[in-house]
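Engineer:
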Amino acid sequence: ELLFSRVIQVRFSGSFEISMSSNSGIQTPAPNHPQGDAAPKPQESSMPASPPIHEAIATAVCLVFGIVAAILFHMSADWNSLAIVMSCGAFLAGGHRPVLNAIESLKEWRLNVDVLMILAAVGAAAIGDWTEGIVLLFLFSLSGTLEAYAMYHTTRSIESLIQLRPREAWLVTPDGKERKLAVDELKIDDIVRIKPGERFSVDGVITDGETWADESTLTGESEQIHKVIGSQVFSGTINGNGSCLVRMTK
Numbered sequence: 001e002l003l004f005s006r007v008i009q010v011r012f013s014g015s016f017e018i019s020m021s022s023n024s025g026i027q028t029p030a031p032n033h034p035q036g037d038a039a040p041k042p043q044e045s046s047m048p049a050s051p052p053i054h055e056a057i058a059t060a061v062c063l064v065f066g067i068v069a070a071i072l073f074h075m076s077a078d079w080n081s082l083a084i085v086m087s088c089g090a091f092l093a094g095g096h097r098p099v100l101n102a103i104e105s106l107k108e109w110r111l112n113v114d115v116l117m118i119l120a121a122v123g124a125a126a127i128g129d130w131t132e133g134i135v136l137l138f139l140f141s142l143s144g145t146l147e148a149y150a151m152y153h154t155t156r157s158i159e160s161l162i163q164l165r166p167r168e169a170w171l172v173t174p175d176g177k178e179r180k181l182a183v184d185e186l187k188i189d190d191i192v193r194i195k196p197g198e199r200f201s202v203d204g205v206i207t208d209g210e211t212w213a214d215e216s217t218l219t220g221e222s223e224q225i226h227k228v229i230g231s232q233v234f235s236g237t238i239n240g241n242g243s244c245l246v247r248m249t250k
C-alpha cells in the first residue's frame, strides 16, 4: 500500500504555479488570477528552498539510535534502561514531523496516515516492542524524506524548464507586419513568427511553414522532430532551420 501519493499541476501564465494534492486530503491550490487582470511578472530567480537536509538528518539519527537500542536490548538486562533512552531518542528523531502533522490533522477532526503511524508506534512501545516501533517510524521518516527530495528535484526541473521560455516574440499583425513585444502581452490565437534557431516563444500550432524542432528539453530525445502545418509546438523548445508561423493556443 502506498503511504504517499502526490499530484503536481503546473500552470503557466508568464510565471508558473505549482498545485500539489496528497492522499491525506490536504490541497495547496495555486492562486487564481481574475479574468482581465494581468498575470504577475515572472521572477528572475525563484529557485525552490534548499533540499530537505533536516529531514535526512532526522532519519539518519533515527536509524543510528535504533540500531544502538536494538543491540543494547539483546545484551544483558543491565543495559535495558540505556536501550529505552536510545529508543526514545529514535522515536523523537523519526516521529517529530509525523506528530506535528497529526496534531494539525486532529485539530480539523480528521484522521490521516500520520495519526495512524504515531498510534502504531506508541502502541508498540507500550507493549515493550520498542524495536518494532523504531522500525515503523524509521521507514515512515525515510519515505517522507525521499518524497521531499523528489518534490525538490521536480520543482527545480520545472523551474529550469520555465526559464528557457523566451521573454519576447515576433507578433504578426493582420496586415502582415511583424513587431516585437513581450510574450506576456500575447493573446490566444495571436500569430507569431518563429525564426531559424530561435526558441518557440509560445505553445501553439504551426499555420505556415515547415521546420524541425529540438524537444530534448521536454522529452530527453536528441533527435529533432519534423514540424509541418498543423503540428503542435511547445514553448522553450528550439526551432531548426525553417521559419514558420505559429498560432498561440495557450
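Under our numbering, the final residue of the sequence shown carries the number 250; numbering is consecutive throughout.
Glycine included, C-beta positions come from ideal geometry on N, C-alpha and C.
For V207, which three-state DSSP category applies?
Structural biologist: Sequence index remark: in the sequence shown, residue 207 carries index 207 (1-based). According to the sequence displayed, residue 207 carries Thr and not Val. It is a strand residue.
Engineer: The beta strand (DSSP E) spanning A77 covers which residue range?
Structural biologist: The residue you call residue 77 lines up with position 77 of the sequence shown. Here A77 belongs to no beta strand (DSSP E), and DSSP marks it neither H nor E.
Engineer: Please go through the same chain and pick out, in chain order, the residues whose beta-carbon is closer than 6 Å to the beta-carbon of K195, but skip the five residues on each side of it.
Structural biologist: Here residue 195 refers to the residue found at position 195 of the sequence shown. Hits under 6 Å: S243.
Engineer: Which residue wins for smallest C-alpha separation from G197, given the options T237, V172 and A70?
Structural biologist: Working through the sequence shown from its first residue, we reach residue 197 at position 197. The residue with the shortest Cα to Cα distance from G197 is T237.
Engineer: Which two residues bound the contiguous alpha helix (DSSP H) that contains L171?
Structural biologist: As a first step, residue 171 is located in the sequence shown; it is residue number 171 there, counting from the start. Looking at the DSSP string, L171 is not in any alpha helix (DSSP H); the run it does join, the beta strand (DSSP E), is E168 to V172.
Engineer: Which value, in whole angstroms, describes the spacing of the CA atoms of L111 and S76?
Structural biologist: Position 111 of the sequence shown, counted from the first residue, corresponds to residue 111. Position 76 of the sequence shown, counted from the first residue, corresponds to residue 76. So the alpha carbons of these two residues sit roughly 40 Å apart.
Engineer: Applying the criterion that 16 or more other CB atoms from any shown protein chain within 10 Å of the CB defines a buried residue, is T207 buried or exposed?
Structural biologist: For this step, residue 207 is matched to residue 207 along the sequence shown. Exposed is the call here.
Engineer: So the beta strand (DSSP E) V296 belongs to, where does it begin and stop?
Structural biologist: Not covered by the structure: residue 296. The range shown for the chain is 1 to 250.
Engineer: How about the segment 150 to 169 and the segment 135 to 142: do they share at least three Cβ pairs that are nearer than 8 Å?
Structural biologist: With the cut-off at 8 Å, the segment 150 to 169 and the segment 135 to 142 do not touch.
Engineer: For the 8 Å Cβ check, are there 3 or more pairs between the segment 158 to 177 and the segment 107 to 126?
Structural biologist: With the cut-off at 8 Å, the segment 158 to 177 and the segment 107 to 126 do not touch.
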